[in-house]
Each structure stands twice: as C-alpha cells, then as structure tokens.
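A.B. asks: Sharing a structure here in structure tokens format.
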Amino acid sequence: MRCLILLMLALATLLPSLASGYDVLVLQSNRSPAYEEVLKGYRVAQPASQRTIVLADYARVDLGRILREDNPALILTVGDAAQNAVRTIRDTPVLTVMSLGINNPKAAYPNQTGISMLVQPERYMALFQGMKVRRVGVVHDTGKSGWYLSQARIAARKIGIELVVREVSSPRETIKQLQSMNGKVDALWMLPDTTAVTRETSEAFLRFGQNNAVPVIAFSASYLGLGAAAALEIDRVALGEQAAAMTNSILSGAKPNESSPVFPRRVTLKSNPAVLNTLKLPVPLSPEL
C-alpha cells in the first residue's frame with residue numbers, strides 16, 4: 022500500500038495536468054517567436070489554468086484521447102497547423118489566433134471563433150485617405166478573402182475610394198492580373214491571401230509599385246525593406262490579451278460565435294520614409310478608429 026501511495030504521488034508530480042485538471046488546452050503549431058509573443062500577452066492576461074502542447078515537438082498527438090481524459094473547458098489554437106488539428110472537434114469551444122484559416126468568420130462552426138489575421142478594412146481606408154490615394158488595386162482569391170473584400174468595398178465607398186479588384190484562383194494568375202492594372206491605380210494593397218501573395222509573387226507586387234511609381238501597402242513590416250511604402254501590422258502581444266478577454270467570455274458562459282470582435286483590436290503602422298519621399302507622399306498617420 023505504501024508503495025502504491027508513493028507511486029501515485031510521483032505520477033501527480035510528473036503529470037500535474039492529469040492530477041489537477043486545467044481550463045485551457047493551448048495547441049501551439051511550433052515554437053515560432055511570433056507565436057510566443059502572442060502567448061506572452063495571453064498568459065499575462067489570462068489567469069485560467071493552462072496546458073500547452075507544441076505540435077511540432079511530436080510525430081503525432083492523440084488529441085481525441087487528451088480531450089477525453091483532460092476535458093478542458095476551451096482549446097486555444099495558435100497557428101495554421103494547430104487550427105487544422107481541431108477541425109473535427111465539435112464538443113469543446115475552440116478559439117483560434119494566428120491562423121489564416123479563421124479569416125472567414127462565416128465559415129466557422131458554432132463551437133469555433135477566433136481573431137482574424139486581417140486588419141479591420143476601415144483602418145486601411147483611413148490610411149489610403151491619409152496618403153491621398155483614390156484608386157487602390159487589390160489582387161485576391163474570392164474563396165479566401167471574398168467576404169473581406171465585400172466589407173472593404175463598403176468602407177471604401179463611404180470615403181470615396183475606388184477598389185480596383187482582380188481575382189485569381191492560383192498564384193500563376195497573379196502576375197498577369199497585376200499587369201492588367203498598369204496605369205490604372207494610385208496604390209497597391211497586399212492582403213495576407215495565400216493564393217495571391219506567395220513568396221514568389223510578392224516580388225511582383227513590389228516590382229509593380231516601382232514600375233508604376235505607386236505605393237505598395239502591405240500587411241507585414243517585413244515587406245518594408247523590400248520596397249513597400251507602409252504596413253499595418255498586428256500587435257501580437259495585444260492579440261494575446263484580446264484572446265484572453267475572449268477566453269474569459271467563453272469560460273463565463275458565452276457561446277464562441279458570440280464572443281467576437283473578429284478583427285484584431287490593436288495594430289501598428291510602420292512605414293518606409295525613403296519610398297514615401299521618392300513618391301512624394303506624406304508620412305501617414307496611424308489610422309485609429
């Protein structure tokens with residue numbers, strides 16, 4: 022009997038999640054510094070007990086068994102691989118961050134919600150207005166960002182901006198569609214659309230800006246060094262804090278799809294003064310709403 026008690030104590034020490042339970046299962050795709058930044062903000066703002074599993078550390082994770090044995094109240098997924106891992110989960114609330122898969126809130130199941138990787142379109146429209154551009158070119162895949170462009174068109178019309186939209190269904194079509202906008206736009210808007218913007222096609226976007234002497238507005242500051250004029254970048258620590266607030270709402274009884282906002286609350290404007298100076302454009306102000 023004494024040996025059995027000692028064994029149980031040892032297991033409780035080695036496997037605290039199984040011994041004491043936890044509220045939030047954090048599924049992290051990999052150990053990306055960007056994901057760690059988000060989780061830093063989340064953990065500071067979220068007091069609920071948590072267990073973290075980094076999927077890239079394992080050849081296979083039996084998520085079904087973990088959910089049956091641990092029964093967490095909520096799953097937080099960070100990154101595309103983590104979101105893909107929970108696509109068939111229906112009984113446990115799922116909150117997704119840092120994944121393009123959550124970009125369309127209408128496609129989410131009733132137990133799923135998240136914060137989009139897309140910035141609220143009104144913020145971009147305010148940026149375009151501040152830069153005094155009127156015709157803005159966009160290349161996108163309707164299946165991935167059509168719902169977003171619908172909202173962007175409404176925001177654009179309100180302030181007199183024309184979106185010159187070109188649709189693609191494969192990355193191979195992107196260059197041709199960019200060429201079709203030569204001389205027809207005052208700026209080019211890059212979306213985090215994985216059909217239109219890939220590692221190969223991103224160079225074509227920036228080359229278009231140089232050849233047409235128009236600013237390229239991106240979604241990540243990483244494009245500034247390559248020639249983009251400005252970028253609206255998500256504040257990742259604030260994103261974690263926003264996810265923590267949504268977690269609190271769900272744990273308090275709200276249904277996942279009622280716990281929006283869908284868009285990230287805080288974004289940072291970053292610009293390339295050299296490009297703006299060359300194009301004789303004003304340094305844009307942060308487009309606060």
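Using my numbering, you'd call the opening residue of the sequence shown number 22 and step up by one each time.
Each residue gets a CB set at the ideal place from its N, CA and C atoms; glycine is no exception.
Quick caveat: nothing in here was measured; it's all calculated off a predicted structure.
1) Where E224 and G135 are concerned, what is the direct C-alpha to C-alpha distance, given to the nearest angstrom?
2) Mind checking which residues open and close the beta strand (DSSP E) that includes A77?
3) Kindly give me the distance between the Cβ atoms of T117 and K165, rounded to whole angstroms, as I take these residues to be in contact under 8 Å.
4) Check whether the segment 143 to 156 and the segment 176 to 188 are in contact - that is, three or more C-beta pairs closer than 8 Å.
5) Nearest by alpha-carbon distance to L302: which of G151, D112, R111 is it?
6) Run through the DSSP bridge pairs and tell me what E183 is partnered with.
7) Is the CB-CB distance between F240 and P277 below 8 Å?
8) With a cut-off of 8 Å, do at least 3 Cβ pairs link the segment 80 to 91 to the segment 49 to 68?
9) Just the Cα atoms here: how many angstroms apart are L300 and N203?
10) Alpha carbon to alpha carbon, how far is F284 from R257?
11) Looking at L272: is its Cβ nearer than 8 Å to the Cβ of A69?
12) Suppose the cutoff is 8 Å on Cβ atoms and the five residues either side in sequence are ignored; what does the same chain contact list for A266 look like?
13) State the beta-bridge partners of E254 as determined by DSSP.
14) Using 8 Å as the threshold, is the segment 153 to 169 in touch with the segment 184 to 191, meaning 3 or more CB pairs across them?
15) Would you mind sorting G246 into buried or exposed? The rule is 16 or more other CB atoms within 10 Å of its CB.
16) Please name the residue, chosen from R64, S53, R52, R174, that lies closest to V45 on a Cα-to-Cα basis.
17) Given Q141, which residues of its chain have a CB within under 6 Å of its CB, disregarding the five upstream and five downstream residues?
18) If we count the other Cβ atoms within 10 Å of its Cβ and call it buried at 16 or more, is D207 buried or exposed?
19) Here's the rule I'm using: 16 or more other beta-carbon atoms within 10 Å means buried, otherwise exposed. How should N233 be labelled?
20) Quick check on the burial criterion: 16 or more other C-beta atoms within 10 angstroms. Buried or exposed for V296?
21) Taking all protein chains shown into account, decide if I123 is buried (16 or more other Cβ within 10 angstroms of its Cβ) or exposed.
22) Would you check if the distance between the CB atom of A252 and the CB atom of P236 is smaller than 8 Å?
23) Taking the beta strand (DSSP E) that G135 falls in, what are its first and last residues?
24) In angstroms, rounded to a whole number, what distance separates the CA positions of R156 and L209?
25) Considering A208, what are the terminal residues of the beta strand (DSSP E) in which it resides?
26) Helix, strand or coil for E90? Go by DSSP, reduced to three states.
27) Can you give the Cα-Cα distance for L48 and T109, rounded to whole angstroms?
C.D. replies: For this structure:
1) Note on geometry: alpha-carbon atoms of E224 and G135 lie some 30 Å from one another.
2) First-last for A77: undefined, no H or E at that position.
3) The pair is not a contact, with the Cβ atoms about 16 Å apart (cut-off 8 Å).
4) Segments in contact, yes.
5) That would be G151, whose Cα lies nearest to the Cα of L302.
6) Paired residues: R156.
7) No; because the gap between Cβ atoms is not below 8 Å, this pair is not in contact.
8) Because the criterion of three Cβ pairs below 8 Å is not met, the segment 80 to 91 and the segment 49 to 68 do not touch.
9) In this structure, the alpha-carbon of L300 lies about 16 Å from that of N203.
10) Computed Cα separation, rounded: 13 Å.
11) A contact, by the Cβ cut-off of 8 Å.
12) Answer for A266: A66, listed in chain order.
13) Paired residues: T289.
14) Contact between the segment 153 to 169 and the segment 184 to 191 is present, because at least three Cβ pairs lie under 8 Å.
15) Burial call: exposed.
16) Taking only the C-alpha atoms, the option nearest V45 is R64.
17) The residues are F284.
18) Here D207 is buried, its C-beta having at least 16 other C-beta atoms within 10 Å.
19) Classification of N233: buried, given that the 10 Å Cβ count is 16 or more.
20) With a threshold of 16 other beta carbon atoms within 10 Å, V296 meets it and is buried.
21) Under this definition I123 is a buried residue.
22) For A252 and P236, no; Cβs fall outside 8 Å.
23) Per DSSP, G135 belongs to the beta strand (DSSP E) from 133 to 135.
24) In this structure, the alpha-carbon of R156 lies about 9 Å from that of L209.
25) Start and end: 208 to 210.
26) In the three-state reduction of the DSSP assignment, E90 falls in the helix class.
27) Near 15 Å, if we compare the C-alpha coordinates of T109 and L48.
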